[in-house]
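Notes follow the structure.
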Amino acid sequence: MNRFAPSSIQAINAAMQKDNPFEGHSTVSEREIWGRACPDLLELNIHASTVIWQAIKQVGSPLHSVRAIAFLAEPGMGKSHLLSRICHQLQARGNGLFIYINAQQFTDTSLIRQQFLYAIVNSLKYTGSQGIMQWQELALFPLEQALSISRSDSLRLDPKRLIEKLNEQSLAKNQAWINQVTDILFKAQPDIENPDLLRAIIWMLCNSQAPYARHWIAGRSIAQWKLDEVGLSDRTGENREALAWEMTVQLLQTICQYLPVVIAFDRLESDDINEAVVKKEQVVASLIKRLSDNLCQMQYPYGVVLVSTMTPMTWYEKIIPFLGKFSNYVSGPNEPISLSSIDSHTLREVLAQWLVDFYLENHLIPSNPLYPFEYYQIQALIRENLTLKDAIDWFADNFKPIEVDPIEKVERVFQQLLERNWFLSLHSDFEIANALSFSFQTLVGQTIAQFKIERVTDEIEPKQENQNYIQFKIVGIQKERRSSIGIAVSQSRNGRTVGAVLKRLLRGDVFGLTRTCLIRSKTLKISPTWKAYPEFETWQNRERGLWVDVNLKEMIPLLVLCEMYERCELYQLTEAQILEFIDRTQILDNHPTLEAIVQPPPDDTPETASEMDNTYSQSSQTPTPSTLTDPLCDDPPYSFQQDEL
2 MNRFAPSSIQ AINAAMQKDN PFEGHSTVSE REIWGRACPD LLELNIHAST VIWQAIKQVG
62 SPLHSVRAIA FLAEPGMGKS HLLSRICHQL QARGNGLFIY INAQQFTDTS LIRQQFLYAI
122 VNSLKYTGSQ GIMQWQELAL FPLEQALSIS RSDSLRLDPK RLIEKLNEQS LAKNQAWINQ
182 VTDILFKAQP DIENPDLLRA IIWMLCNSQA PYARHWIAGR SIAQWKLDEV GLSDRTGENR
242 EALAWEMTVQ LLQTICQYLP VVIAFDRLES DDINEAVVKK EQVVASLIKR LSDNLCQMQY
302 PYGVVLVSTM TPMTWYEKII PFLGKFSNYV SGPNEPISLS SIDSHTLREV LAQWLVDFYL
362 ENHLIPSNPL YPFEYYQIQA LIRENLTLKD AIDWFADNFK PIEVDPIEKV ERVFQQLLER
422 NWFLSLHSDF EIANALSFSF QTLVGQTIAQ FKIERVTDEI EPKQENQNYI QFKIVGIQKE
482 RRSSIGIAVS QSRNGRTVGA VLKRLLRGDV FGLTRTCLIR SKTLKISPTW KAYPEFETWQ
542 NRERGLWVDV NLKEMIPLLV LCEMYERCEL YQLTEAQILE FIDRTQILDN HPTLEAIVQP
602 PPDDTPETAS EMDNTYSQSS QTPTPSTLTD PLCDDPPYSF QQDEL
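To convert, take the position in the sequence shown, counting from 1, and add 1; that gives the numbering used here.
Structure follows, in C-alpha cells:
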C-alpha cells in the first residue's frame with residue numbers, strides 16, 4: 002500500500018471490530034495514572050498544568066519547601082486526566098517523583114496515617130524516568146554520593162546495568178556491598194536521622210529484596226530471619242499510627258534532599274453518602290494540613306507540591322466549613338483553580354488525537370481523520386453540555402463501522418472478474434476495441450506518453466469506405482501538433498480479412514487520420530505468403546504504422562473495467578462508482594498498452610493527413626457490428642459479432 006494513500010474502509014472496519022480505543026477509558030483508573038496513558042491533548046486544561054509546573058519549579062529552591070494547589074471540577078471533567086498528564090510528564094522529564102493518593106482507598110479513617118504511608122510506598126514502586134522504579138531512582142542518589150566518596154568505578158555503570166549486576170550477585174556479596182555503601186554514608190553524614198530507612202532505600206536496588214524493604218518502610222510485619230538478612234530493626238509493638246507518620250515525614254525529607262516530589266490527592270469527594278460523621282474528605286484535608294505543617298520548616302534543596310482535586314461541592318460544603326481560614330493549606334495562597342469545560346474545537350481535537358493513536362497502532366490511514374464520526378456529531382454533543390467523560394462514553398458506544406465504502410464493492414467485483422476465463426474475449430476484435438475505446442475515454446483530458454487526449458470517437462468517416470475495420474480514433478495534441486490516431490483491432494487468422502484491415506490503415510488520410518495503429522497479438526504472424534503482406538510492409542515503412550501486441554496481463558484488466566461499466570446494473574454498481582474506482586486506484590495510469598498506442602512516432606518528421614477531422618463528435622458509443630460487403634477485399638463479408646461472456 003502506498004504509505005500516503007488512504008487505507009481501505011474494509012481494513013479500517015476490520016481493525017475497529019477488533020478493538021475499541023474508547024471502551025473503558027472514560028474514567029482514568031489508578032492503573033492508567035501510571036501505565037500507558039490515554040491520548041492527551043495538551044491544550045486541554047493547559048492553565049492547570051502550567052500552575053503545577055510553576056509550583057514544581059518553585060519548590061526546586063530552598064525558599065519554598067511546600068506548595069499547595071487545589072483544582073475544582075465536576076465529575077467527568079478531567080481531574081484524574083490532569084494528574085495522569087503530570088505523572089507521565091515527570092516520567093519523561095526526570096525532574097521529580099510522583100505520588101498518587103486515591104482518597105477512596107482510605108477505608109478506615111482511624112488508620113489514615115498507615116494507609117497514607119502505604120500509598121506513598123506503593124506509588125514509588127512504579128516506573129520513573131529511567132525505566133526503573135522510582136524507589137531505585139531515589140536510591141541512586143545516596144549511592145552516587147557513597148561511590149563518589151570512595152571513588153569507585155561502579156559510578157560509571159548505567160543504572161539498569163548496575164541493578165542487573167546486583168541481581169546476578171549472591172546475597173552475601175550484596176550484603177557486604179550494602180554494608181560498605183551505608184558505612185561510607187554514615188561516616189560522611191553522622192547526623193542521619195533514620196539510618197535504617199536509608200539502608201532500606203538502597204536495598205531497593207536488589208529486586209529480590211525490594212519487596213521486603215518496601216514492607217519494612219510501610220510498617221508491615223516481616224519475619225525475623227529476613228530482618229536479620231537485610232540488616233533492619235524489628236519495630237513491632239510500637240504505635241503503628243505514630244510510627245507511620247514519623248516514617249512518612251522522614252521519607253519525604255529524604256526525597257527532598259535529591260528531588261522535588263508531587264503528591265496528588267485525587268477523588269476527595271465521598272462515594273458513600275452514609276459515611277460516618279467524620280467525613281473522609283475532612284480527614285484527608287486534615288492530613289494535608291498536618292503534612293504541610295511538618296514539611297514547611299524543612300531546609301532541603303527541594304520541596305513538596307501538594308495537589309488535590311475535588312468537586313466544587315466538596316470544597317465549598319465540606320472543606321471550607323471544616324478548615325475555615327486554614328483552607329489555604331489545601332488550596333495555597335490563591336483560590337482553587339477551576340478546570341475548563343470542553344467546547345466543540347477541544348472535543349474535536351481530543352477525538353482526533355485518540356483516533357490518530359488508534360490508526361497509527363494499526364498501521365492505517367483513514368480518508369477522514371475523524372472516521373467513523375463526523376464533526377456535526379461533536380457539535381451536537383457539545384449542545385447537550387456533555388462532560389469529557391460523557392463524550393468518551395458516547396464515542397465508545399458509537400465506535401462502529403459505518404456502511405462499507407461503495408468503492409470497496411467495486412474492488413471486490415473487479416477482483417472476482419479478474420478470475421474469469423477471458424480467452425474468448427482476447428480473440429474478439431469487438432471486445433478488445435470496446436475495452437480500449439472505453440479506457441481512452443476515461444482518460445480524456447489527461448496526457449499519456451506526451452499525448453494529451455482530447456476526445457475518443459467511433460465515428461470514422463466515410464463510413465462506407467471504413468466498414469468498421471478501423472473501430473475508433475483518438476484525437477489529441479502531441480509535441481504541439483494535432484494528431485488523430487486510427488485504431489484497428491484484428492485477431493483474425495484469415496489473410497484476406499487482415500488485408501482488408503491493412504488497406505484501411507494504408508489509406509488513413511482518407512479517414513482524416515495522421516497515423517494508424519494495428520492491435521494484434523504478435524503470436525499471430527502476418528505471413529509473407531499472404532497477398533496482404535506487401536500492404537503490411539508498405540504500411541509499416543511508409544506510413545510508420547504501429548503494431549501493438551495484445552498482452553494477456555495488460556488487456557484483461559481493461560476488459561474487466563469495460564464489462565463492469567457496461568453491465569454495472571448487473572453487478573449492482575453505478576457508472577460513477579466505477580469511474581471513481583478507476584480514478585482512485587489509478588489503474589490506467591502508466592498502462593503499457595495504452596502508452597504504446599499513443600507513443601510519439603519514431604522520428605520528428607511532420608505527420609501528414611489530407612484532411613484533419615475537425616468535427617468534434619462527442620459520441621462515446623462503442624463500435625457497432627457490420628456485415629457490409631467490403632469492395633476492397635475478396636473475403637466473404639466479415640461480421641464483428643460480440644462473443645458470449
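For every residue, glycine included, the Cβ atom is placed at its ideal position computed from N, Cα and C. From a predicted model like this one, the values you see are computed outputs, not experimental measurements.
Counting only residues of its own chain and dropping the five nearest sequence neighbours on each side, Q258 has a CB closer than 8 Å to the CB of F142, Y301, P302, Y303. Annotation for R200: the continuous alpha helix (DSSP H) segment containing it runs 196-204. In the DSSP secondary-structure assignment, W548 is bridged to L519. Of the other Cβ atoms in all chains shown, 16 or more fall within 10 Å of the Cβ of S438; this residue is therefore buried. With three or more CB-CB distances shorter than 8 Å, the region 596-603 counts as touching the region 446-458.
Inclusion of G509 and T517 in the CB contact set at 7 Å is warranted, their separation being smaller than that value.
DSSP, reduced to helix, strand and coil, places T347 within a helical segment of the structure shown. M314 is classed as exposed because its beta carbon has fewer than 16 other beta carbons within 10 Å across all chains shown. Its chain contains P40 as the residues whose beta carbon lies nearer than 6 Å to that of D358, once the 5 sequence neighbours on both sides are disregarded; these appear in chain order. Short of 8 Å from the beta carbon of N21, and not among the five residues preceding or following it, lie these beta carbons of its own chain, in chain order: A397, F400. Residue pairing by DSSP places L64 in no beta bridge whatsoever. The C-beta separation of V308 from I113 comes to about 18 Å, leaving the pair out of contact by the 8 Å criterion. By a beta-carbon distance limit of 8 Å, M311 does not contact V414. Their separation comes to about 60 Å. Inter-residue distance for Q210 and A224 is about 13 Å (C-alpha atoms, whole angstroms). As a beta-bridge residue in DSSP terms, Q479 pairs with F452, R482. The shortest CA-to-CA distance from T524 to any of V549, I47, W316, L506 is the one to V549. Counted as a single uninterrupted DSSP element, the alpha helix (DSSP H) harbouring I557 occupies residues 553-567. I486 sits buried, since 16 or more C-beta atoms from the chains shown fall within 10 Å of its C-beta. Take N467, set aside five residues on each side of it, and the residues of its chain with a beta-carbon closer than 8 Å to its own are I461, R505, F512, in chain order. The region 144-151 makes no contact with the region 116-128; the number of CB pairs closer than 8 Å stays below 3.
Under the DSSP assignment, F117 falls outside any beta strand (DSSP E), being part of the alpha helix (DSSP H) whose first and last residues are 113-124.
Setting aside the 5 residues that flank it on each side, P601 is surrounded in the same chain by A450, Q451, F452, Q479, K480, each with a C-beta closer than 8 Å to its C-beta; the list follows chain order.
Going by DSSP, V263 is part of no alpha helix (DSSP H) but of the beta strand (DSSP E) stretching over 262-267. The beta carbons of W395 and L73 sit no closer together than 7 Å. Annotation for Y101: the continuous beta strand (DSSP E) segment containing it runs 98-103. Unbroken beta strand (DSSP E) stretches of 3 residues or longer found wholly inside the region 66-94: 67-73, given in chain order. Contact between the region 362-373 and the region 385-392 is not established, with fewer than three Cβ pairs separated by less than 8 Å. Here I13 is buried, its C-beta having at least 16 other C-beta atoms within 10 Å. For K526, the secondary structure class from DSSP, reduced to helix, strand or coil, is coil. Assigned with DSSP and collapsed to three states, T108 falls in coil, not helix or strand. Around the CB of T255, 16 or more other CB atoms lie within 10 Å, so the residue is classed as buried. Around the beta carbon of Q472, 16 or more other beta carbons sit within 10 angstroms, so the residue counts as buried. Rounded to the nearest whole angstrom, the C-alpha separation of N240 and Q115 is 11 Å. Taking 7 Å as the cut-off, the beta carbon of Q92 is found no closer than this to the beta carbon of S30.
Between the region 329-346 and the region 63-70 there are three or more inter-stretch CB-CB distances shorter than 8 Å, so the stretches are counted as touching. Counting only the Cα atoms, S124 lies some 18 Å from R94.
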